[in-house]
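S.K.: The opening residue of the sequence shown carries number 34 in the working numbering; numbering runs sequentially from there.
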Amino acid sequence: MDLPVISNSHRIAALDKDNCLSKKCHLECINFCPVNKSGSECIILDSDEKALISESLCNGCGICVNKCPFDAITIVNMAHEIGDEKIHQYGVNSFRLYRLPIPIPGKVVGLVGKNGVGKTTALNILSGNLKPNLGSYEKDVSWDDILSNFQGTELITHFKKIINNELTVSIKPQAVYKLKDYWKSDGLSLLQSIPNNNFSDDIIEELNLSTCINKPVKDLSGGELQRLSIAFAAIKEADVYFFDEPSSYNDVFQRLAVSNTIRKLSDKGKSVILIEHDITFLDYLSDYIHILYGEAGAYGIVSSSSSTRTGINNLIDGYLPNENIKFRNTKIEFNVYSPSELNSETQSIIEYDDFTKTYDNFILNVSSGKILEGQVLGIIGGNALGKTTFMKILSGIEKADKDNIETKIKISYKPQYLDSNYSDNVRNLLYTQGSQIDDEVFNNEIIRPLSINKIFEKNVNTLSGGELQKVAIAICLMKDADIYALDEPSAFIDVEDRMVLARSVQKFIKSNNKSAIIIDHDIQLIDILSDSLLLFDGNNGINGIANEPTNKFDSMNKFLQQLQITYRRDIESGRPRVNKYDSRLDKEQKSNNQYYYLSKAE
């Protein structure tokens, strides 16, 4: 969401070079620019045949933004008080970051915001891996100038330690799969290789790495790689620890274990910076929050620090009251209702009897159940319990041991793992999937809210994980079906888009009187989306038990009891919040066997 136009401002002109396709357009940005028409050269075609915009000549009219057929240009007017706090800019018409978060000894500071607004850039600057240029990208900025910029702030000491090589940092990167290229041996030897480490067998047990720690790193799953990377970062002796999206690939049980590992570092007086898109995980672990907002790929602004509750509620509201900044037009609403309000007379769209699916080393046992018309059924449980197998069997992709599921309904399935092996662009891929790409309702409910229209011209094999996920969701929903089955739709998608995704999918399902099955580890997303829940129990990788679908309260209550965590509803927003372990509310709810609340009044 662009900031309001303010007079006496700094102007940002940002170009998405991937979307700037001068050979496919009529150079509308150049031909319609009023400054160009007056005889000046505000927008020209650079040597790489991409638009080059002069920020000093641009008058902020926005005509080029509206005329560009590929959504390649962003023009923003930035208030002076923010514009003067530029920390880094990568180049002309490229991304720039304003302000920085502040590490606090003994505390976990969470960074939250949509992708592409500078979270990783902030992490790289604070860790000393990226020298801030204060916006002067054409010359080398001296450390004296940098220290002068931060004089009188809490970050001055931090940067002095970086300059004097006195700051030790430990980083858990986002791209954990790169660990396979870094280390060719097993996980245990990797942990033991760290000089002056705090390694003990306890962290292996705590992070559920016992069964995989002696495997070659190249053979580890995504979740195992993630937890090994967290262990690698946590056992280093450092002043500041950075964890970039540590919940990815992990189920809720594993995320809880990860949070305990990270919390132990702050309890030792260490500074911890956490980048995370799972609001539940962020809420449970963080002491303070910085919201990063702006325009993806164009600019990002770091908000002032606030308490975790206040920060997440501000994120949901899309408004920062202390700074009087509205960074999103819509507020995220949470439905608060009791199970008795669900319509028990709704017709079922599919019913299935008990069935099993047996593999060499795994067996899935499924209790009978049904899915109702217009219902969103959420599926929750740990990894390796057969959730994806269950969905594939219902979808007809796999068969049960005794193929006793007979149905004439059509199910559209979005798989857990996405295929990017497509050499054409997003627009053409979507056109091959069905006619709804031209349907205005579908565009308004799915394509535009998820910003898929902004990546139409990008080749599918160049998309980020989040972009590819959105396209896969759109393809699933475009198909003519009775039930839409989405396996982990939140993976790689940022926190704001997850909430937009939940509302968009829910609206699409309800307005078209369809049904949906959603598997996800983001409890917040499942809570927003689902009408009822199906809980998976069992022993990971050995046997899975799919219970009968029940109302949200009963399944969530049982699931949270397994986790030994309790939820309450936030008084202001209605969102679920995890109680601090052994707090008064935690003890009270556990004594009453009320692990999950559906009403703010309860």
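No residue lacks a Cβ here, since even glycine has one placed at the ideal position from N, Cα and C.
(1) The beta strand (DSSP E) with H43 in it runs from where to where?
(2) So is L156 buried or exposed if we call it buried at 16+ other beta carbons inside 10 Å?
(3) Is it true that the CB of A518 sits closer than 8 Å to the CB of I413?
(4) Would the stretch 258 to 265 and the stretch 97 to 113 be scored as touching if the rule is three or more Cβ pairs under 8 Å?
(5) For D272 and K303, which I take to be in contact (beta-carbon distance under 8 Å), what is that distance rounded to the nearest angstrom?
(6) What's the call for K441, buried or exposed, on a 16-neighbour Cβ count within 10 Å?
(7) Is it the case that the Cβ atoms of P582 and G429 are separated by a distance below 8 Å?
(8) Counting C-beta neighbours from all protein chains within 10 Å, is the total for D316 16 or more, i.e. buried, or is it exposed?
(9) Residues in the same chain with beta-carbon distance under 6 Å from D553, minus the five sequence neighbours each way, listed in chain order, please.
(10) Does the beta-carbon distance from F395 to N576 come in below 8 Å?
(11) Since I believe L325 is in contact with G151 (beta carbons under 8 Å), could you give me their beta-carbon distance rounded to a whole number of angstroms?
(12) State the start and end residues of the unbroken alpha helix (DSSP H) segment that holds V533.
(13) Skipping 5 residues on each side, what residues in its chain have a beta carbon closer than 6 Å to that of Y170?
(14) Apart from the five residues just before and just after P609, which ones in its own chain have a Cβ nearer than 6 Å to its Cβ?
(15) Out of Y215, I204, D393, point me to the one whose CA is closest to V305's CA.
(16) Go through its chain and collect everything with a Cβ distance to K620's Cβ below 8 Å, but skip five positions before and after it.
(17) Thinking just about the alpha-carbon of each residue, which of A549, A417, N492, E239 is nearest to the one in K512?
(18) Three-state secondary structure (DSSP) at E473?
(19) If you run the structure through DSSP and keep just helix, strand and coil, what is D592?
(20) Could you tell me if R481 is buried or exposed, where buried requires 16 or more neighbouring beta carbons within 10 angstroms of its beta carbon?
(21) Since H310 and V528 should fall inside the 8 Å C-beta cutoff, what is the C-beta to C-beta distance between them, to a whole number of angstroms?
(22) Which residues mark the beginning and the end of the beta strand (DSSP E) in which D520 is found?
(23) Output the boundary residues of the beta strand (DSSP E) element that contains I648.
(24) Helix or strand or just coil, what does DSSP make of R260?
M.R.: A quick look at the data gives this:
(1) 42 to 48
(2) buried
(3) no
(4) no
(5) 7 Å
(6) exposed
(7) no
(8) buried
(9) E521, S523, I559
(10) yes
(11) 6 Å
(12) 528 to 544
(13) Q122, G124
(14) D560, Y600
(15) I204
(16) none
(17) A549
(18) helix
(19) Correcting the residue type first, residue 592 is Phe in the shown sequence and not Asp. Three-state DSSP puts F592 in a helix.
(20) exposed
(21) 4 Å
(22) 516 to 520
(23) Past the boundaries of the shown model lies residue 648; the chain is included only from 34 to 635, so the question cannot be answered.
(24) helix
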